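Comments concern the structure below.
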Amino acid sequence: MKLLTHVFLLSFLLCTISVSGQKASDDSLGVIIKKANQEIYNNPDNVIKIGNNLLKNEQDPKKLIRIYLLLSTAGFAKRDFDKSLQYTYKARELAKKTNDPKIQTSVLMTAAVQFQQMDLLSKSIETLDEVDKYLAELPDDLSLKHFETARSFALRGMIYKSQANPEIALQEFLIAIKNFEKVPDQKTTFYNQSIIYYNIGTCYITINDPNEAQKAFQKSIDIARLIKAKSLEAFALKGMSEIPKQKHQYQAALDFLLEAETLSKNIGDLTLNEGIYKEMADNYLAMGKQNLYQIYSKKHIETRLEREQNELSSINHALDIHNVESQKKNKDMITRYHFLILVAVLSGVIVFVLLFYFVLKIRKCNQRDQEEIKKLFNS
5 MKLLTHVFLL
15 SFLLCTISVS
25 GQKASDDSLG
35 VIIKKANQEI
45 YNNPDNVIKI
55 GNNLLKNEQD
65 PKKLIRIYLL
75 LSTAGFAKRD
85 FDKSLQYTYK
95 ARELAKKTND
105 PKIQTSVLMT
115 AAVQFQQMDL
125 LSKSIETLDE
135 VDKYLAELPD
145 DLSLKHFETA
155 RSFALRGMIY
165 KSQANPEIAL
175 QEFLIAIKNF
185 EKVPDQKTTF
195 YNQSIIYYNI
205 GTCYITINDP
215 NEAQKAFQKS
225 IDIARLIKAK
235 SLEAFALKGM
245 SEIPKQKHQY
255 QAALDFLLEA
265 ETLSKNIGDL
275 TLNEGIYKEM
285 ADNYLAMGKQ
295 NLYQIYSKKH
305 IETRLEREQN
315 ELSSINHALD
325 IHNVESQKKN
335 KDMITRYHFL
345 ILVAVLSGVI
355 VFVLLFYFVL
365 KIRKCNQRDQ
375 EEIKKLFNS
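For what it's worth, the numbering used here labels the leading residue of the sequence shown as 5, then goes sequentially.
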C-alpha cells in the first residue's frame, strides 16, 4: 500500500536535526532549533517561518545546514516534497565542503529517506551505501553512529516492506530499535521509535498476527503521547483501527479513526489525512451508511490527488537534481580523461626526448671511440 511507504519519513528528518544539535552548546541557534523541533508535528507552518527568519542573517555553513534540514523536515511534515528536497539539496552541497563525516552522514541520511519516500528506491539504496562509508569513519562509542546506524536499518526495513517482504522488514526494524536504545539521550529517539513501532504493527498485520500488531501499535501510541506528537499518534490510531476492522467490528474501528481525524486537524499531512479518509469511507460503506461513505470517499480522492500532484512535482525536481549530478560526474570524468591523455602525451614526449638524448649521447661516444681507435692505428 502506497500510504505505508510514506509514514516513516517525518521522524527520520526530525531526528537528523535533533542529533545535529545534540552536542550544541546553549547557543541561540541551538535553542531555537530545539524549540522548533517540538512544533514540527503540530505546527509545521510556524517552523517554516522560524527557519526562514534564521536564514536571513546566517553565514556559517554548519549552522546553515542545520537550518536547511529544519526547513526540509517542516516541508515534509506538510508533504511539500519539492521545497523539502530543495532544502536538503542545499544542505548536501554545503556538507560536501565541510569534509566532516558526521555532517555528511546526517545529510545523506536525510536525502536517502526522501528518495525512499518518492519511491526512488535504487537512488535511496545508492545514498545509503554512501552513508555506510561515512559511518565506518566514525568511532564506535559515538552516539551519532548508533543513531544513524539505526536510521539506516529502519530505512532499509521500509524498502523491504514496500517490496512485500514484511518478515525481512521486521528484522531490520528490530535491529533499528536496538541501536536507538544505545543512544544515551533517549528523548532524541522517541519520534523514531514511535514510527518504527507503527511500521512493525503494519508488518504484523500483513503477516496476519493481530495480537503482536496491537502491541506494536499501542507502543507507538504510548510514545507519541509521551512526546505529544499528534500526527504520530494519529498514524498509530489509524493502524490500530485495522484490528477491529478485520473482525468486522466497524464501529470500534471508526472510534479509533475519529480520534485520529481530530488529532490530524491543522497538521496538513496529506498522507495521514488520505489514509484516515479512506479507512473511514471503507468502514462506513461496510456499515451501509452511504451518505457518510460518499463524504469521506470524496475527501479521500481529493486528498490523494493533491498528494500525488505534490509528489509529481518533487520527483521532477529530484530528476533535475539527478541530471545535474550526472552531468557533473560526466564532466569530472571527461576532465580526468583529458588530464590522463595529457599526462600520457607529456610522458611520451619526455620518454622520446630522453631516448633521443641518450641515442645522441651514445652516437657521440661511439664516434669519439672510433676516432680514438683510428688514432691508435695511425700511430
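Glycine residues also receive a C-beta, built at the ideal position from the N, C-alpha and C atoms.
Given the structure is predicted, the values throughout are model-derived calculations rather than measurements.
- In the displayed model, H252 falls within coil according to three-state DSSP, outside both helix and strand.
- Judged by their CB atoms, Q108 and A95 are not nearer to each other than the 8 Å cut-off.
- Two segments are said to touch when three or more pairs of C-beta atoms, one from each, lie closer than 8 Å; by this definition the region 243-256 does not touch the region 59-78.
- Selection Y138, L159, Q313 and K106 evaluated against I129 yields L159 as nearest (Cα-Cα).
- Beta-carbon to beta-carbon, S224 and S268 are separated by about 15 Å, too far to satisfy the 8 Å threshold.
- Take A285, set aside five residues on each side of it, and the residues of its chain with a beta-carbon closer than 7 Å to its own are Y297, Y300, S301 and H304, in chain order.
- Note on P48: 16 or more other CB atoms within 10 angstroms of its CB, so buried under the neighbour-count rule.
- The three-state secondary structure of N277, taken from DSSP, is helix.
- Contact between L74 and A40 holds: CB atoms are separated by about 6 Å, below the 8 Å threshold.
- Look at the region 48-132 and you find these whole runs of alpha helix (DSSP H), each 4 residues long or longer: 48-60, 65-81, 85-102 and 105-121.
- By the C-beta density criterion, N203 is buried, having at least 16 other C-beta atoms within 10 angstroms.
- From the listed residues Y72, A78, P65 and F80, the smallest Cα separation to K101 is found for P65.
- Taken through DSSP and simplified to helix, strand or coil, G272 comes out as coil.
- Taking C-beta atoms as the reference points, F85 and M122 count as a pair closer than 8 Å.
- DSSP places I227 inside the alpha helix (DSSP H), whose first and last residues are P214 to L230.
- Inter-residue distance for N50 and A81 is about 12 Å (C-alpha atoms, whole angstroms).
- Within a 10 Å sphere around the beta-carbon of Y341 sit fewer than 16 other beta-carbons, which makes this residue exposed.
- Excluding sequence positions up to five before and after E263, its CB lies within less than 7 Å of the CB of L241, all in the same chain and listed in chain order.
- In this chain, the alpha helix (DSSP H) harbouring G161 covers S147 to S166.
- Per DSSP, reduced to three states, the secondary structure at D189 is coil, with no helix or strand assignment.
- In the three-state DSSP reduction, P143 falls in the coil class, being neither helix nor strand.
- Burial is judged here by how many other beta carbons sit within 10 angstroms of a residue's own beta carbon; L132 has at least 16 and is buried.
- In the displayed model, S301 falls within a helix according to three-state DSSP.
- Pairing N169 with F184 gives a Cβ-Cβ distance that is not under 8 Å.
- When only Cα atoms are considered, Y72 and L309 end up about 28 Å apart.
- Taking C-beta atoms as the reference points, I200 and A180 count as a pair closer than 8 Å.
- Rounded to whole angstroms, the separation of the alpha carbons of D104 and K282 is 45 Å.
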